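Scroll down for the structure; my scribbles are underneath it.
In the working numbering, the protein residues as written are 35 to 518.
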């Protein structure tokens, strides 16, 4: 596997020259709005004066209260002022200085085919150009994307909010493909397994590009992140690739990496009843190294596997409101064990599709054991929902929504579980919402799921649009993640 992201069958990358949708002359400053944020740089036309000039160019994602680019945006929302040297002799492609954090050893670089023309990019929607004698109509946002067919999918309903949310998500998939694999955003430029899985499922629904997801899961097998449940997403990613693409390459790669994928279920940590815990003595450094943790791009020196449930915790938020619904983190945690069941089921399907019937039978047997143990240990008959952990009396949304999404809830328990998660509302992150919705639709609660998709409160996709974003945000709102 390549040490840098330049796979043998690398993405065909494109660079689109996007015209501004709005131009205003504000004193000596041209203000340009390109309509949407993109990983890009700025193409400037030749000066109309005779001599070269050096002037500041400002790029940003957000406007301030006066309608100018916000020069002190909150969190890690992007803003940059760059001194640009322009000439009357020809066009200028703005050189964006690299950011130390997102171009370091752990970060994914732009594909080589892009770097040859555009060494660095910045996500921005707006530009301000001071004191230059140019034709602003000729300015372009040079946006980088993986190959994307804008006509491959369309959606229209009689619900304006749903239509807007669908388009927000469709463009988000296109925009976040700029590095050829699914990264977390511009702050780190690192792929994370769970985020990538959600990108993957969405990508398949808006374009026939299977390369991006496939290259991402190959990268993540070699360069995993730290959360327990993120490891368990890997069989889910590979199975989705096989199902949606049906391509021989997906099957060949699954077969080649089969043993590592099996370890990613974390079954090797199981106690006698099949439940797992990263606090087990079995979760030693040798085991974690067998998963490829502590690799040369690992973002921590010594931190090993750790349960995440959801993100962020309260320490990242305004007022300490976390996205875990106050989930109690116990050694034998319901959420990683729900993912154990889901990943074992995926490995059974992968094995059968590859003709590995003996292994498939083993995974099926393990999943059946986890099903029984999970419901025996975690289901609270009095509360009619699931506990956060073996020794917990707390019941978070997450402890019940993941089992519902994965088919872990027996029919006789289902009504109580559904009523409980509906009572909690969207008490999870944007990541968790995927499984909340899956669980509701799986249980036939389609009206409740649609109400969440079209909600307009501050824990909704509509709120992202109201906030001025043209790409799905990492959190519902800045107050729920202070480094957004």
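Note that CB positions come from ideal geometry on N, CA and C, so glycine has one too. Because the structure is a prediction, the values reported are computed rather than measured.
Around the beta carbon of residue 108, fewer than 16 other beta carbons lie within 10 angstroms, which makes this residue exposed.
Apart from the 5 residues on each side of it in sequence, residue 309 sits with its Cβ closer than 6 Å to the Cβ of 366, 371, 407 in its chain, given in chain order. When the beta-carbon positions are compared, residue 96 and residue 111 come within less than 9 Å of each other. Remark: fewer than three beta-carbon pairs, one from each stretch, lie closer than 8 Å, so the region 141-151 and the region 51-68 are not flagged as touching. Shown here for residue 411: same chain residues with a beta carbon closer than 6 Å to its own, the five before and five after excluded, namely 424 in chain order.
The C-beta of residue 193 has fewer than 16 other C-beta atoms within 10 Å across all chains shown, which makes the residue exposed.
Following the DSSP letters along the chain, one finds residue 392 in no beta strand (DSSP E) but inside the alpha helix (DSSP H) bounded by residues 391-412. Judged by beta-carbon spacing, residue 245 lies within the 9 Å limit of residue 45, meaning their Cβ atoms are closer than that value.
Listed in chain order, the non-local C-beta contacts of residue 347 below 7 Å within the same chain comprise 356, 358, local neighbours out to five positions each way being set aside. Within the same chain, Cβ atoms closer than 6 Å to the Cβ of residue 383 are found at 273, the five residues on either side in sequence being excluded. The Cβ atoms of residue 440 and residue 376 lie closer than 9 Å to each other. Listed in chain order, the non-local C-beta contacts of residue 473 below 6 Å within the same chain comprise 435, 438, 439, local neighbours out to five positions each way being set aside.
Residue nearest to residue 225 within the set 143, 399, 450 is 143 (criterion: CA-CA distance). For the pair residue 155 and residue 73, the CB atoms are nearer than the 9 Å cut-off. Taking residue 207 as the centre and dropping the five residues before and after it, the same chain places the C-beta of 236, 237, 240 closer than 6 Å to its C-beta, in chain order. The residues 460, 463, 464, 492, 493, 494, 497, 498, in chain order, have a CB closer than 8 Å to that of residue 510 in the same chain once the five nearest residues on each side in sequence are set aside. A straight line joining the alpha-carbon of residue 243 with that of residue 218 spans about 19 Å.
Counting C-beta atoms within 10 angstroms of its own C-beta, residue 265 has 16 or more neighbours from the protein chains shown and is therefore classed as buried. Note on geometry: alpha-carbon atoms of residue 140 and residue 330 lie some 8 Å from one another. Boundaries of the beta strand (DSSP E) harbouring residue 162: 156-164, taken from the DSSP string. In this structure residue 502 is exposed. Its beta-carbon is surrounded by fewer than 16 other beta-carbon atoms within 10 angstroms. Contiguous alpha helix (DSSP H) elements confined to the region 296-372 occur at 319-324, taking only those with 4 or more residues. The continuous alpha helix (DSSP H) containing residue 475 extends over residues 464-476. Residue 75 sits close to residue 127, with the two beta carbons spaced by under 9 Å.
With contacts defined by Cβ atoms closer than 9 Å, residue 388 and residue 289 form a contacting pair. For the set 297, 505, 222, 254, the Cα lying nearest the Cα of residue 230 is the one of 254. Taken through DSSP and simplified to helix, strand or coil, residue 87 comes out as strand. For residue 75, the uninterrupted beta strand (DSSP E) run begins and ends at 63-78, by DSSP. For residue 93, the beta-bridge partners assigned by DSSP are 114, 161.
A check of alpha carbon separations from residue 52 across 178, 393, 162 identifies 178 as the nearest.
If you compare the alpha carbons of 490, 402, 360 with that of residue 458, the shortest gap goes to 360. Counting the other Cβ atoms within 10 Å of the Cβ of residue 171 gives fewer than 16, which makes it exposed. Fully contained in the region 164-214 are the following alpha helix (DSSP H) runs of length 4 or more, in chain order: 194-209.
Bridge pairing for residue 423: 367 [DSSP].
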